[in-house]
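Have a look at the structure below, then the notes.
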Amino acid sequence: MHTACNHHLLSSSFILQIPNKFTKHHSVTVFTSPTTNGNILNPILGCSKKSSMDGPKKTTRKNPRRSSYGSSRKSVLRKTFKQEQVTFTAPISEDPVVAIIGGGMSGLLCALQLEKRGVRSTVFDTGIHGLGGRMGTRTVDPSMIFDHAAQFFTVSNPLFSELVDDWSHKGYVRESLGVIGELEAGGDFLPFPSSPPRYIAINGMRTLADSLLSQSSMVNVVRPCWISSIEPFNGMWHLSENGKHRGEFDAIVIAHNGKCANRLLSTSGLPLIARQMKRLDLSSVWALLAAFEDPLPLPPKAAGIPFEGAFVKGIDSISWIGNNTQKLFNSQNEGPHCWTIFSTSSFGKRHKVPQENIPNATAEKVKGLMLAGVENALGVPIGSLKKPIYTRVQLWGAALPTNSPGIPCIFDPLGRAGICGDWLLGSSLEAAALSGISLANHTADYLKSGGSRPDEFAVGLHDEFQPLDGHDIGQFPGLESNNKDIHEAQLQLGV
Ligand SMILES: Cc1cc2nc3c(=O)[nH]c(=O)nc-3n(C[C@H](O)[C@H](O)[C@H](O)COP(=O)(O)OP(=O)(O)OC[C@H]3O[C@@H](n4cnc5c(N)ncnc54)[C@H](O)[C@@H]3O)c2cc1C
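Given below as structure tokens:
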């Protein structure tokens, strides 16, 4: 799986293709002071009290920004479109530090690539149990492990392939040799004849996320931490978590999406970035984790083989069933048998509730409908499955992108801020990884340029979005749907 590549090309070759429309469309304000040294930090605003009150005025923004948390969607939208562009003109420090908000695949690879380029970073992530975002794993006990979002990943890009080789040598991932395929209602299973290699993390996806930074020396991780405010001040970005100052940075990377990102950006002084983020549409998917004492009664074509999972067709309540016990322990006979079951996105949308606060009645209803979906898929009578010994229902309210600009990353050089994430290139771990790497290279190029030629570094601020197709849980080149964007990005980036 080895291929030569030039990491540097990842950013510089696509910059040339991005028309610079940045300065044509938006008025800018000047934001200059070089340093915050000696100032007292205001814990609420995360900015310098002394400078803002006693010293010369550092910003000319008309509307003082207030925290938008708790504000309505309408007011978030209004703020997003009304805000003025912030412009940093202070020289970039000799040893700049980048804040990465989000410790999923894209944020982690952004941090690693920045390190390769000699740039320090701090990754902030909300994860209580670990890093990884949608690479979540729930370990109930050592025999009950569930990947509760990403199940496996495929590789189509040579740069990603090189990385996966390295992870494989380090023992973080391995190729999964089980069988997957398509399962039609009634138990008609069709194995994928020659699917491309699929990779899994040794003890669940989260362990990969937690291992990725284990050898880094230039990345600081702050977790659990929910960045609630980003404030430009005195030539730096000041980050805070509910009023607690979390440091100041030369540039920021938004490595998450959805409601949180829209709120964070709505008052950030980054209207172009905020607008692109707002264009993103996301699906909702229910996940049911279920452990059974006995093996599930698989249909004839799936029995007697190392059946690991299937994309389910023709059943509204489920789109995927995956056997974690087979995948992680290569075991079909010894229980407990731990399955991850995902709904379709249409079912997710119809049964959507606030994901932080799922009413018991909804959880029970969803669980019942999804278990009935499993019975339907396996072709066994409804109500015949033995009750699971463990279940957990979770809603991925911002599961997967349904549209994408099809570019590796977005960068606003005036605001010294960028976005990375799966949605920029598709909907998979590979897309997220490539986006993070691309933004790191671009940011490093920009920082090394000293910030004096911002126009050359504007990327993706005006690109249109196109609908994305694929499975309800992502795009996997070679597994029925093909992600053209990753291949095109590969060509564009010269790898
Ligand atoms: C149900 C489901 C199944 C999937 N199955 C597969 C699969 O089998 N294979 C595959 O390749 N892909 C799959 N995917 C897609 C894959 O999981 C994603 O494409 C990928 O994980 C996205 O990574 P990311 O870095 O872009 O975002 P995320 O993983 O979402 O990371 C963003 C991180 O930022 C954190 N964050 C958010 N706001 C803040 C804040 N204000 N402060 C600090 N931190 C913050 C979040 O908590 C999160 O940890 C699946 C997704 C879902 C939902």
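Per this note's numbering, residue 3 is the first one in the sequence shown, and the count goes up by one each step.
All C-beta atoms in this analysis are idealised placements derived from N, C-alpha and C, irrespective of residue type, glycine included.
Q: Under 7 Å Cβ to Cβ from V368, same chain only, skipping five residues before and after it: list those, please.
A: As a first step, residue 368 must be located in the sequence shown, where it is residue number 366. So the qualifying residues of the chain are W288, H353 and V395.
Q. Nearest CA to the CA of E466: which residue from G206, G109, K84 and M279?
A. Along the sequence shown, read from residue 1 onward, the residue named residue 466 stands at position 464. Across the set G206, G109, K84 and M279, the C-alpha of M279 shows the shortest separation from the C-alpha of E466.
Q: Go to Y174, then tell me how far its alpha helix (DSSP H) extends in each direction, as first and last residue.
A: Here residue 174 refers to the residue found at position 172 when the sequence shown is read from its first residue. Element bounds for Y174: n/a, residue is neither H nor E.
Q) So, I307 versus V181, is the Cβ gap smaller than 8 Å? A) As a working mapping, residue 307 is identified with position 305 in the sequence shown. As a working mapping, residue 181 is identified with position 179 in the sequence shown. Result yes, Cβ atoms of I307 and V181 sit closer than 8 Å.
Q. Between the C-alpha atoms of D97 and M238, what's the straight-line distance to the nearest angstrom?
A. Residue 97 sits at position 95 when you count from the first residue of the sequence shown. Residue 238 sits at position 236 when you count from the first residue of the sequence shown. Looking at the two C-alpha atoms, the distance is approximately 13 Å.
**Q.** C-alpha gap between S73 and K84, whole angstroms
**A.** Here the question's residue 73 lines up with position 71 in the sequence shown. Here the question's residue 84 lines up with position 82 in the sequence shown. A caution first: S73 carries a pLDDT of 40, below 50, which makes its placement in the model unreliable, though a value can still be read off. Rounded to the nearest angstrom, the two C-alpha atoms are 15 Å apart.
Q) Starting from A146 and walking both ways along the beta strand (DSSP E), at which residues does that stretch end? A) Taking the sequence shown and counting its residues from 1, the one referred to as residue 146 is at position 144. Checking the displayed sequence, the identity of residue 146 turns out to be Met instead of Ala. In the DSSP assignment, M146 falls within the beta strand (DSSP E) that extends over M146 to D149.
Q. Any contact of the region 213-223 with the region 378-396, i.e. 3+ C-beta pairs under 8 Å?
A. No, they do not touch.
**Q.** Whether T364 touches V355 by CB criterion (8 Å)
**A.** As a position in the sequence shown, residue 364 is number 362, starting the count at 1. As a position in the sequence shown, residue 355 is number 353, starting the count at 1. Yes.
Q: Let me know if A305 comes out buried or exposed under the rule of 16 or more other beta-carbons within 10 Å of its beta-carbon.
A: Along the sequence shown, read from residue 1 onward, the residue named residue 305 stands at position 303. Exposed is the call here.
Q. Using the beta-carbon count (16 or more within 10 Å), is H498 buried or exposed?
A. There is no way to answer for residue 498, as the model of the chain reaches only from 3 to 497.
Q.
When you compare the CB positions of A187 and A312, do they come within less than 8 Å of one another, or not?
A. On the sequence shown, position 185 is the one that residue 187 refers to. On the sequence shown, position 310 is the one that residue 312 refers to. It is not a contact, given that the beta carbons lie outside the stated cut-off.
Q) Can Q328 be considered in contact with ligand 1, in the sense that its beta carbon sits closer than 7 Å to one or more heavy atoms? A) Translated into the one-based positions of the sequence shown, residue 328 becomes position 326. With a threshold of 7 Å, the Cβ atom of Q328 does not count as near ligand 1, since no heavy atom of the ligand is closer than that.
**Q.** The alpha helix (DSSP H) enclosing K329, as first and last residue numbers
**A.** Within the sequence shown, residue 329 is the residue found at index 327, counting from 1. The continuous alpha helix (DSSP H) containing K329 extends over residues N326 to F331.
**Q.** Member of G105, I254, G189 and P469 whose CA lies at the smallest distance from the CA of S270
**A.** Position 268 of the sequence shown, counted from the first residue, corresponds to residue 270. Nearest of G105, I254, G189 and P469 to S270, Cα basis: I254.
Q. L298: which of P93, C340 and D318 sits nearest, CA to CA?
A. Along the sequence shown, read from residue 1 onward, the residue named residue 298 stands at position 296. For L298, the closest alpha carbon among the candidates P93, C340 and D318 is that of C340.
Q) Comparing alpha-carbon positions, which option in E177, M372 and S123 lies nearest F349? A) To locate residue 349, count along the sequence shown from 1; it is residue 347. Checked all of E177, M372 and S123; the closest Cα to F349 is M372.
Q) If S178 and I147 are in contact, beta carbons under 8 Å, what's the gap, nearest whole angstrom? A) In the sequence shown, the residue the question calls residue 178 occupies position 176. In the sequence shown, the residue the question calls residue 147 occupies position 145. Between I147 and S178 the Cβ distance is about 14 Å, and since that is not below 8 Å, they are no contact.
Q: Kindly give me the distance between the Cβ atoms of K315 and E184, rounded to whole angstroms, as I take these residues to be in contact under 8 Å.
A: The residue you call residue 315 lines up with position 313 of the sequence shown. The residue you call residue 184 lines up with position 182 of the sequence shown. At roughly 6 Å, the Cβ-Cβ gap stays under 8 Å, so K315 and E184 are in contact.
(Q) Do L241 and I548 have their beta-carbon atoms positioned less than 8 Å apart in this structure? (A) Residue numbering for the chain in the displayed model covers 3 to 497; residue 548 lies beyond these limits and cannot be assessed.
Q) For P361, which residues from the same chain have a beta carbon less than 8 Å from its beta carbon, with the 5 sequence-adjacent residues on both sides left out? A) On the sequence shown, residue 361 is found 359 positions in, with the first residue counted as 1. Closer than 8 Å at Cβ, skipping near neighbours: V355.
Q: Drop a sphere of 10 angstroms on the beta-carbon of P479, count the other beta-carbons inside from all chains shown, and report buried for 16 or more, exposed for fewer.
A: By one-based count along the sequence shown, residue 479 stands at place 477. By the 10 Å Cβ count, P479 comes out buried.
Q: Output the distance between the C-alpha atoms of A442 and Q115, rounded to the nearest integer angstrom.
A: In the sequence shown, counting from the first residue as 1, residue 442 sits at position 440. In the sequence shown, counting from the first residue as 1, residue 115 sits at position 113. If you take the alpha carbons of A442 and Q115, they lie about 6 Å apart.
(Q) Quick check: what's the CA-CA separation for Q357 versus A400? (A) Translated into the one-based positions of the sequence shown, residue 357 becomes position 355. Translated into the one-based positions of the sequence shown, residue 400 becomes position 398. The straight-line gap from Cα to Cα measures roughly 9 Å.
Q | Pairwise C-alpha distance: E243 and A152 | A | The residue given as residue 152 occupies position 150 in the sequence shown. The residue given as residue 243 occupies position 241 in the sequence shown. About 28 Å.
**Q.** Supposed close pair L133, R225 - CB separation, criterion 8 Å
**A.** As a first step, residue 133 is located in the sequence shown; it is residue number 131 there, counting from the start. As a first step, residue 225 is located in the sequence shown; it is residue number 223 there, counting from the start. Contact holds; Cβ gap of about 6 Å.
Q. Beta carbon of G132: closer than 7 Å to some heavy atom of ligand 1?
A. As a first step, residue 132 is located in the sequence shown; it is residue number 130 there, counting from the start. No - ligand 1 has no heavy atom lying nearer than 7 Å to the Cβ of G132.
Q.
In the DSSP output, what is L397 paired with across the bridge?
A. To locate residue 397, count along the sequence shown from 1; it is residue 395. Note: L397 sits in a beta bridge opposite W288.
Q: Indicate, with yes or no, if ligand 1 has a heavy atom lying under 7 Å from the CB of T364.
A: Residue numbering aside, residue 364 sits at position 362 when the sequence shown is read from its first letter. T364 Cβ: outside cutoff for every heavy atom of ligand 1.
Q: Measure the Cβ-Cβ separation of D252 and V100 and say whether it is below 8 Å.
A: As a working note, residue 252 is residue 250 in the sequence shown. As a working note, residue 100 is residue 98 in the sequence shown. Yes, Cβ-Cβ distance for D252 and V100 is below 8 Å.
Q | Contact check, I275 vs I412, beta carbons under 8 Å | A | Locating residue 275 in the sequence shown gives position 273, counting from the first residue. Locating residue 412 in the sequence shown gives position 410, counting from the first residue. In contact: I275 and I412 (Cβ atoms closer than 8 Å).
(Q) Taking the straight line between their C-alpha atoms, what separation do you get for L330 and M207? (A) To locate residue 330, count along the sequence shown from 1; it is residue 328. To locate residue 207, count along the sequence shown from 1; it is residue 205. Whole-angstrom Cα-Cα distance: 11 Å.
Q: For H258, verify whether its CB is less than 7 Å away from any heavy atom of ligand 1.
A: On the sequence shown, position 256 is the one that residue 258 refers to. Within the cutoff, so yes.
**Q.** Pick from E117, F309, S145 and G260 that is closest to L192, judged by C-alpha positions
**A.** Sequence index remark: in the sequence shown, residue 192 carries index 190 (1-based). Among E117, F309, S145 and G260, the Cα nearest to that of L192 belongs to F309.
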